[in-house]
Every structure is written in C-alpha cells, then in structure tokens.
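The structure appears below as structure tokens.
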Amino acid sequence: MNAEHLLTVDMLERQLTPAGCDGYAAWTNAVLTADAACALWAEGEARLDEAGFNRCLIPQAMGGQWRGLDALMDLFRVLYRKDPCLGLGYAGSSFIACCNIWAVGSPTQQRTVAQALHRNEKVACSYYEPEHGNDLSAVEFSADRQDGRWVLEGEKQVTSNIARSSVFVAFARTSPQPGSRSHTQILIVKSQLPDGALQELPRHSSVGMRGVQLGGVRFDRTRLPAAADDELLLGAEGKALETTLRSFQVTRTLLPGMFVGVLDSGLRLATRFSLQRQLYGHRLADFPSARQVLSLALLDLLLADAFSRLGARALHVHPEFCCLYAPSIKIVVPKLLIGAMNRLADHLGASFYLTESEFGLFQKLLRDIKPAGFAHVGRPACQLTLLPLLFMLARKNAATPEAARLSPTLASDAPIDEPIDFNRLQVAPTGRDPLLDSLLHTAPLLGAVLATQVLAARERLLDKLQTLDPRDISATAPAGHYQLSTLYAGLLAIAACLQWHQTAAEKLPLALTQLMVKRQLVHLQIAPDEGLDESEADYVCQRLFDDYRRRVSFDLMQYPLQGWEE
Numbered sequence: 001m002n003a004e005h006l007l008t009v010d011m012l013e014r015q016l017t018p019a020g021c022d023g024y025a026a027w028t029n030a031v032l033t034a035d036a037a038c039a040l041w042a043e044g045e046a047r048l049d050e051a052g053f054n055r056c057l058i059p060q061a062m063g064g065q066w067r068g069l070d071a072l073m074d075l076f077r078v079l080y081r082k083d084p085c086l087g088l089g090y091a092g093s094s095f096i097a098c099c100n101i102w103a104v105g106s107p108t109q110q111r112t113v114a115q116a117l118h119r120n121e122k123v124a125c126s127y128y129e130p131e132h133g134n135d136l137s138a139v140e141f142s143a144d145r146q147d148g149r150w151v152l153e154g155e156k157q158v159t160s161n162i163a164r165s166s167v168f169v170a171f172a173r174t175s176p177q178p179g180s181r182s183h184t185q186i187l188i189v190k191s192q193l194p195d196g197a198l199q200e201l202p203r204h205s206s207v208g209m210r211g212v213q214l215g216g217v218r219f220d221r222t223r224l225p226a227a228a229d230d231e232l233l234l235g236a237e238g239k240a241l242e243t244t245l246r247s248f249q250v251t252r253t254l255l256p257g258m259f260v261g262v263l264d265s266g267l268r269l270a271t272r273f274s275l276q277r278q279l280y281g282h283r284l285a286d287f288p289s290a291r292q293v294l295s296l297a298l299l300d301l302l303l304a305d306a307f308s309r310l311g312a313r314a315l316h317v318h319p320e321f322c323c324l325y326a327p328s329i330k331i332v333v334p335k336l337l338i339g340a341m342n343r344l345a346d347h348l349g350a351s352f353y354l355t356e357s358e359f360g361l362f363q364k365l366l367r368d369i370k371p372a373g374f375a376h377v378g379r380p381a382c383q384l385t386l387l388p389l390l391f392m393l394a395r396k397n398a399a400t401p402e403a404a405r406l407s408p409t410l411a412s413d414a415p416i417d418e419p420i421d422f423n424r425l426q427v428a429p430t431g432r433d434p435l436l437d438s439l440l441h442t443a444p445l446l447g448a449v450l451a452t453q454v455l456a457a458r459e460r461l462l463d464k465l466q467t468l469d470p471r472d473i474s475a476t477a478p479a480g481h482y483q484l485s486t487l488y489a490g491l492l493a494i495a496a497c498l499q500w501h502q503t504a505a506e507k508l509p510l511a512l513t514q515l516m517v518k519r520q521l522v523h524l525q526i527a528p529d530e531g532l533d534e535s536e537a538d539y540v541c542q543r544l545f546d547d548y549r550r551r552v553s554f555d556l557m558q559y560p561l562q563g564w565e566e
C-alpha cells in the first residue's frame with residue numbers, strides 16, 4: 001500500500017470526532033447513550049468502516065497495512081481514548097484472532113480472513129472456558145475425526161464478538177491425552193456450517209465494556225463440511241499451545257498498551273475538572289494535593305507508555321526475548337493504569353458519578369479500564385508464566401559473563417516498515433536479556449542514589465533466581481516467588497524509561513525520567529511512598545497543563561487530538 005494511503009493517527013482522530021466547540025458534547029453524549037443501552041457506538045463503527053480501519057489488521061501482501069506494531073498500538077489508542085468498547089468491540093477481537101492466523105494460517109485461511117476484514121466483518125477468537133480459568137491445557141471443547149470429517153462438541157463462552165463474527169478461531173481438544181500436544185486451533189467459517197449447527201448462547205452482561213458483545217456458542221456433535229486440513233486446522237494438529245505461546249506475546253504486549261488511551265482521556269477530564277473547579281477562591285489545580293494526584297497519574301501514564309511502546313517495537317527488533325517482555329508488560333502496565341484511574345476518581349469526588357455532566361465520560365472509562373487487568377490472562381498467570389523462564393535466564397546469565405546488547409533501533413520513533421515475523425518469537429529466552437542488562441550502562445544516568453537502588457535490585461533479583469528450587473517454579477510455587485516476577489517486570493519498565501531518555505531526551509528529559517524511576521521503585525516497594533515534593537509536582541504538572549492546552553496526547557508521541565475542545 002502506498003504511504004499516502006496509510007491510515008494515520010491524525011486521520012483517524014479527524015474521522016472519529018468532529019472539530020468545534022460542540023464536538024466534545026456530541027460524541028461523548030453518543031458514547032454514553034450507547035453505553036446505557038449496552039450497545040456499541042454505532043456512528044463510531046460506521047466511521048471506522050469508512051476509514052478502512054480493518055486494513056490495519058491485514059498484511060500488506062493482501063492489501064492491508066499491517067506493519068510496525070507500535071504504530072498499530074497508537075491507532076488502537078485513538079479508539080480507546082474515545083470509547084474503549086469501540087476499541088475492543090470493533091477490532092480488538094479481530095486483532096487477537098489475526099495474531100494466530102498470520103502466524104500459522106495456510107494461504108487459503110489467510111485469504112478467507114483478509115477478505116472478511118476487507119468487507120468490514122468481525123473475526124473472533126475463543127480460547128478459555130470458565131471452568132478452567134487460564135489453564136488452556138484443560139480445555140474440553142473438542143474436535144475429532146469421524147469418517148474423514150471433523151466433528152465439534154461442546155461450548156465456548158465469554159468470547160468477544162462471537163455472535164457478530166463471520167469467522168472465528170476455536171481452541172479445541174483434538175486428543176484425549178493430557179499434555180501440550182492435545183489441542184488444535186480450528187478456523188470456523190459460519191457460512192459453511194450446516195443449518196442449525198451453531199447454537200448461540202445468551203449474551204453475558206458486564207459492568208465494564210457494556211457495549212461489547214460477550215457471548216458463546218454450542219456445538220452438539222456437529223460435522224463440519226468436508227475440507228482439507230489447511231482450510232480448517234490453524235497450524236499442525238496438536239500444536240495449538242505452541243502457537244498460542246507465540247501469538248500471546250503479541251497480544252499481551254499490545255492490549256495493555258492500547259488501554260493507555262483510557263487513562264489519557266481520564267487524566268484529560270480530571271485536568272479539565274481541576275482547572276475549572278473553584279474552591280475557596282482558587283482553582284482546584286492550585287492546591288498541592290490536587291497537583292500531587294495529577295502529577296502521579298501522568299508519571300504512571302508515561303511509565304506505561306514507555307514500557308508498552310518499547311515492548312511493541314521489541315516484537316520486531318528483539319523477538320527472541322518477547323517471551324519475557326510480554327508477560328512483564330501485562331504485569332506492570334494494567335496495574336499502573338487502573339491505580340491511576342482509581343485515584344483520579346477519588347479526586348473528582350461526586351462529579352465522577354454524574355453521567356449528565358461535562359465529565360460524565362469518566363465513570364464509563366473507569367469501568368471500561370478494569371478488563372486491562374484480568375482479560376486475556378490475568379496478572380497471577382503472567383507471574384507464573386515468567387517463573388520458569390526467569391529460572392532459565394538466571395542460569396544463562398551465570399554461564400555468559402558478557403552483558404547482552406540492545407539494538408539501537410529499539411527505542412526509536414522511526415517507522416517499522418516490515419511486519420512481525422512470528423517464526424522468530426521463542427517460547428524460552430535464548431541468552432542473556434539485553435533489556436535487563438542495559439541497566440548496567442544506563443542506571444548511572446539517574447545519579448548515585450537512584451542508580452544504586454536500581455542496580456542493587458537487579459543483583460538481588462539474579463541472586464534469588466539462582467537459588468530457586470526447580471520444584472518451586474510451577475503452579476504450586478510459594479507466593480513469595482511471584483514477587484520475583486514482579487520485580488523483574490518492574491526493572492524492565494525502568495530500563496525502558498532509560499532507553500527512551502537516551503534516544504529521545506527532548507521527549508523524556510532526565511528530570512522527568514528520574515521521577516518516573518522513583519515512582520516505579522515505589523510501586524516495587526523498594527522506596528517509601530512519600531509522594532512528590534512541591535517543586536517536583538509543579539514540574540510534572542507544568543508538562544501536564546502544557547500538553548492539555550496544546551490538545552496533544554499525554555504519552556511520549558504527543559499526537560494532536562480532536563474532539564476535546566472546551
């Protein structure tokens with residue numbers, strides 16, 4: 001696709017929301033009306049259809065613009081800033097499915113899905129079953145061969161857009177034996193099913209993401225039409241878990257990063273409230289307590305952005321380590337975002353509850369951000385995923401004395417033109433972690449006190465990992481071991497901040513980087529939570545207010561926004 005036809009953040013901002021002083025009221029009222037009806041914002045979906053958003057999910061060879069995943073994350077953030085339901089309900093479920101299809105799908109399957117997306121149809125992906133939580137190896141929904149044809153049996157529940165999709169991926173048991181080779185992903189095209197074969201289950205209601213259709217389907221010994229395996233099976237039979245471990249590295253990186261857009265809008269509303277609200281003859285924004293809340297929220301947003309943005313680029317630049325980075329992002333980023341939104345809700349007080357006011361969107365954003373923490377695998381599962389990988393990493397560190405080096409293109413805003421190569425993603429680290437090792441070179445930039453704290457935490461982590469008993473890195477691991485995963489993930493977040501400072505100091509100056517690192521040390525319980533002193537809060541708030549008045553996003557990219565006119 002020619003560069004002039006690429007969908008950009010600026011184009012999408014203009015497409016989704018009109019300009020003008022009445023623009024904000026128009027689109028927020030429409031979003032809240034749809035939310036009250038548990039429906040998606042219909043006009044928003046129509047505008048995305050018109051903009052051709054789905055082509056962002058399609059490889060270039062099939063007429064799409066699937067390229068750098070950091071750019072895709074930024075496009076999704078436009079949706080999440082306006083309406084998180086639009087982000088997940090319009091294209092989020094399709095994105096999750098596409099990560100499997102582009103990874104291992106046959107040419108026939110890839111054409112089928114690409115054509116569906118070009119027609120603005122929905123694609124869904126159903127992994128989990130409520131009875132088994134995050135344990136994919138226990139999935140019971142089955143597919144078995146009878147007389148040369150596949151027969152489906154069982155239910156799939158709590159799946160985004162499964163009722164609206166024309167095509168969906170089902171994670172199915174294809175062998176009764178236990179183990180990692182007993183499941184296969186099946187690509188199901190609804191139009192090819194016999195009449196009455198697919199029974200739709202009642203829609204699930206939810207507190208957040210009300211507009212997203214969470215549904216299920218039931219198959220009762222349904223015989224699929226005769227077809228070659230390369231039309232039905234995604235990848236080789238029995239390889240679903242291996243495929244999933246790779247595709248999850250993409251989805252666990254980008255999905256938390258998309259939710260940064262929710263905090264961006266929440267912080268924008270809280271900033272507007274603070275600048276307008278008068279108390280005792282002063283603006284609320286002039287009170288030290290208010291400046292503390294706002295400045296800490298911005299630091300958490302920048303931390304989340306720096307880490308998720310670096311992780312998205314790592315999928316292209318350092319894919320062999322994304323088995324470590326993806327679950328780390330899922331551990332760190334949702335907690336930052338949800339914690340900041342909760343504190344901002346307290347800051348708004350009673351105004352947070354009022355849906356009819358200028359700030360009525362906030363309470364919807366607060367509800368909609370919650371799934372960032374538990375949807376598509378929760379924090380404890382990611383902590384557990386990391387434990388055996390960190391056990392291996394510690395031994396590779398001990399065996400290889402020389403520190404690994406990061407690519408200079410990792411922390412950069414230079415466009416990535418090539419799509420991700422899923423074959424380069426690994427299920428275990430192949431050597432020393434270059435991002436963790438980068439702290440050896442970048443931590444001294446923070447000054448003696450902070451550098452000592454960061455490097456001491458790194459050494460403490462590696463020492464504890466060396467003493468781990470192999471029997472204590474499974475699902476029965478002691479609760480204290482989970483904190484090792486949290487410490488590792490938090491140190492990677494610090495390393496990401498330092499990388500961005502090194503390569504883009506104009507966007508992330510040293511003073512701001514130091515405050516972000518201090519904030520992360522508080523989250524890791526390495527430093528006491530004493531907040532910011534008055535001068536620090538003033539410094540951060542000045543950046544916040546400047547970005548607010550310029551109407552640019554609060555993240556590192558500072559994209560111009562539309563639809564937020566006062």
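Position 278 of the sequence shown, counting from 1, maps to 278 under full-length UniProt numbering, and the rest follow consecutively. Cβ coordinates follow ideal geometry from the N, Cα and C atoms, glycine included. Bear in mind that the values here come from a model prediction, so they are computed numbers and not experimental data.
Would you identify the three-state DSSP class for residue i, choosing helix, strand or coil?
| i | result |
| --- | --- |
| P560 | strand |
| T430 | coil |
| V207 | coil |
| Q199 | strand |
| I58 | coil |
| I526 | coil |
| F219 | strand |
| G531 | coil |
| R405 | coil |
| N2 | Note on N2: pLDDT 49, under 50, position unreliable in the model; no value is reported. |
| R14 | helix |
| residue 622 | Nothing in the structure corresponds to residue 622, since the chain is present only between 1 and 566. |
| G87 | helix |
| G373 | helix |
Could you check the C-alpha separation between residue i and residue j for me, to the nearest Å?
| i | j | result |
| --- | --- | --- |
| L255 | G261 | 11 Å |
| Q157 | R379 | 21 Å |
| V78 | L12 | 7 Å |
| E565 | F554 | 16 Å |
| A26 | T33 | 11 Å |
| G257 | K330 | 9 Å |
| R210 | S166 | 22 Å |
| G373 | G148 | 42 Å |
| K370 | Q146 | 43 Å |
| Q525 | D300 | 15 Å |
| N2 | Y482 | Its pLDDT being 49, under 50, N2 is placed unreliably in this model, and the coordinates cannot settle the point. |
| Q15 | A51 | 7 Å |
| D35 | K364 | 8 Å |
| F307 | Q514 | 15 Å |
| R405 | H318 | 10 Å |
| residue 576 | H282 | Only positions 1 to 566 of the chain appear in the structure, and residue 576 is not among them; the question remains open. |
| S126 | V333 | 24 Å |
Which residue comes first and which comes last in the alpha helix (DSSP H) that contains residue i?
| i | result |
| --- | --- |
| R246 | 240-258 |
| D305 | 288-317 |
| V30 | The sequence given here places Ala at residue 30; Val does not occur at that position. That run of the alpha helix (DSSP H) goes 23-36. |
| S126 | Taken as a continuous stretch (DSSP letters only), S126 belongs to no alpha helix (DSSP H), being part of the beta strand (DSSP E) at 122-126. |
| P388 | 379-399 |
| Y80 | 69-82 |
| E50 | 42-51 |
| A326 | 322-348 |
| T486 | 479-503 |
| D472 | Note, D472: premise wrong, no alpha helix (DSSP H); not H, not E. |
| I96 | 93-104 |
I need the boundaries of the beta strand (DSSP E) containing residue i, first residue and last residue.
| i | result |
| --- | --- |
| F168 | 165-173 |
In the DSSP assignment, what residue or residues form a beta bridge with residue i?
| i | result |
| --- | --- |
| S160 | L214 |
| Q146 | R149 |
| H183 | R173 |
| F273 | Per DSSP, none; premise fails for F273. |
| H282 | L279 |
| W66 | P59 |
| L234 | Q185 |
| V552 | P560 |
| E566 | None, per the DSSP bridge assignment. |
My assumption, with CB atoms under 8 Å, is that residue i sits in contact with residue j. Please give the rounded CB distance.
| i | j | result |
| --- | --- | --- |
| I96 | V113 | About 12 Å; that fails the 8 Å criterion. |
| T486 | Q383 | 6 Å |
| L439 | L455 | 7 Å |
| G64 | L57 | 7 Å |
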